[in-house]
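As structure tokens, the structure follows; a few thoughts come after it.
In this note's numbering, the protein residues as written are 28 to 430.
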């Protein structure tokens, strides 16, 4: 197993430039940095926050992202409040913390933008950066910042622990004002003055763990490239910012930018704090935070049919030419008997080379060789478009077939 450097994705301007440079130019090339992002706007993401923490001597400014989750609370990463040595939480950081809101750039003078001072910072009790022997020092990388005053902006709903489904391959939105490049000649990093956004897909814990020596815990969520060779990534300065999914009820925050290796390394995932596993910590202090389940949209076709050999007919759907996937599993169990992804009109094998299927243009799915007689099964058919954020379950069929 390879080991990837764990680099928290906050930034200390000026003093951090040489450190980022030494970590990033490792093969005689400059690693590009949000990396591959496009401009984002607070009209779309009104709860996006920029957090600044001034060093005790006033010489440096730490920069992180955050999200407004209630009128007087911002959610961010715990490691944004470490001391300059990076081995302990700075207990006095709250006195030097300012939150910029309603701004597409990092300029406080932007029309409509405003800054609010922090009243208190609450770090998750399990976050322990000074224990250098720990294998999961970045676990529970989450912090709550109470604002000195209430603000009149819509907060972002958070992923609910129960009912949230984030299958591997779910497309997410990441954003921030972090590093976008490194100038090796000038030994400096390039940060974005404008809010940038990009997309990543969630990856499995096992795939993510291949790149890291520390374990990927249940409080972590991994995401990476949309396609082979893609370098889209968060980087230094994006820490604490949100990872979102776009559900039928709007945006829901599922993660917090936490750590990764060399920013922009192709095909290597970054690690995010998994919000759905930390609901209790948040609700303990923020009683008016909104939690919502993240689940695919389901459309049921009442005139569908399924027989004992799993010949499925779905005449009420017409998505000719889209990418489809299907799976067959036991009801109330995780056993996956068969799985397939492919184009309509194509034949493909599932998890077993001997079990193949054809999904015709009229959405007749035929899987020879499997008999479901006498047992309850759930069959789901889903599709994803190139620019969509979530795979959609367009058909679900639950039956107890009896001979």
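C-beta: ideal position from N, C-alpha, C; glycine also.
This structure is a prediction, so every number in the text was calculated from the model and none was measured.
Selected residue, minimal CA-CA separation from residue i, among the options
| i | options | result |
| --- | --- | --- |
| residue 145 | 77, 252 and 285 | 77 |
| residue 124 | 93, 181, 272 and 183 | 93 |
| residue 155 | 141, 280 and 170 | 170 |
| residue 315 | 282, 141 and 173 | 173 |
| residue 289 | 132, 320, 263 and 307 | 263 |
| residue 83 | 120, 307, 127 and 237 | 120 |
| residue 97 | 175, 193, 202 and 321 | 175 |
| residue 127 | 80, 87 and 207 | 80 |
| residue 99 | 207, 147, 272 and 305 | 147 |
| residue 271 | 197, 305 and 306 | 197 |
| residue 179 | 306, 95, 305 and 321 | 95 |
Three-state secondary structure assigned by DSSP to residue i
| i | result |
| --- | --- |
| residue 309 | helix |
| residue 108 | helix |
| residue 188 | coil |
| residue 88 | strand |
| residue 93 | strand |
| residue 302 | helix |
| residue 234 | helix |
| residue 127 | strand |
| residue 178 | coil |
| residue 260 | strand |
| residue 101 | strand |
| residue 195 | coil |
| residue 206 | strand |
| residue 120 | helix |
| residue 133 | coil |
| residue 243 | coil |
| residue 279 | strand |
| residue 113 | coil |
| residue 156 | coil |
| residue 229 | strand |
| residue 290 | coil |
| residue 173 | strand |
| residue 266 | coil |
| residue 379 | Residue placement at residue 379 cannot be trusted, given a pLDDT of 40 that sits under 50; the coordinates are not used to answer. |
| residue 251 | strand |
| residue 13 | Residue 13 lies beyond the range of the chain shown here (28 to 430); nothing can be said about it. |
| residue 220 | coil |
Sequence-distant residues of its chain with Cβ nearer than 7 Å to residue i (five each side left out)
| i | result |
| --- | --- |
| residue 230 | 195, 249, 250, 251 and 296 |
| residue 91 | 37, 78, 103, 104, 107, 266 and 267 |
| residue 149 | 170, 171 and 312 |
| residue 233 | none |
| residue 276 | 319 |
| residue 361 | Because residue 361 sits at a pLDDT of 40, beneath the cut-off of 50, its placement in the model cannot be relied upon, and the point is left open. |
| residue 321 | 186, 191, 192, 193, 272, 274, 279 and 281 |
Cβ-based burial, residue i [other Cβ within 10 Å; buried from 16]
| i | result |
| --- | --- |
| residue 317 | exposed |
| residue 177 | exposed |
| residue 183 | buried |
| residue 85 | exposed |
| residue 118 | exposed |
| residue 71 | exposed |
| residue 269 | buried |
| residue 112 | exposed |
| residue 260 | buried |
| residue 227 | buried |
| residue 142 | exposed |
| residue 168 | buried |
| residue 274 | buried |
| residue 246 | buried |
| residue 89 | buried |
| residue 337 | Per-residue confidence for residue 337 stands at a pLDDT of 47, beneath the threshold of 50, marking its modelled position as unreliable; no derived number is given. |
Supposed close pair residue i, residue j - CB separation, criterion 8 Å
| i | j | result |
| --- | --- | --- |
| residue 204 | residue 222 | 6 Å |
| residue 300 | residue 310 | Not really, about 16 Å apart at Cβ, beyond 8 Å. |
| residue 199 | residue 281 | 7 Å |
| residue 5 | residue 319 | It is not possible to answer for residue 5, since the shown part of the chain is limited to 28 through 430. |
| residue 152 | residue 73 | About 31 Å separates the two Cβ atoms, so there is no contact after all. |
| residue 220 | residue 132 | 5 Å |
| residue 116 | residue 109 | 6 Å |
Spatial neighbours of residue i in its chain, beta-carbon cut-off 6 Å, leaving aside the 5 residues before and after
| i | result |
| --- | --- |
| residue 139 | 129 |
| residue 308 | 151 |
| residue 235 | 243, 249 and 296 |
| residue 137 | 130 |
| residue 193 | 229 |
Own chain residues within Cβ distance below 8 Å of residue i, not counting five before or after
| i | result |
| --- | --- |
| residue 65 | 223, 224 and 225 |
| residue 68 | 131 and 222 |
| residue 134 | 140 and 220 |
Residue i CB to nearest heavy atom of the ligand FMN below 6 Å
| i | result |
| --- | --- |
| residue 116 | Within the structure as shown, the ligand FMN is missing, as the structure has no ligands at all. |
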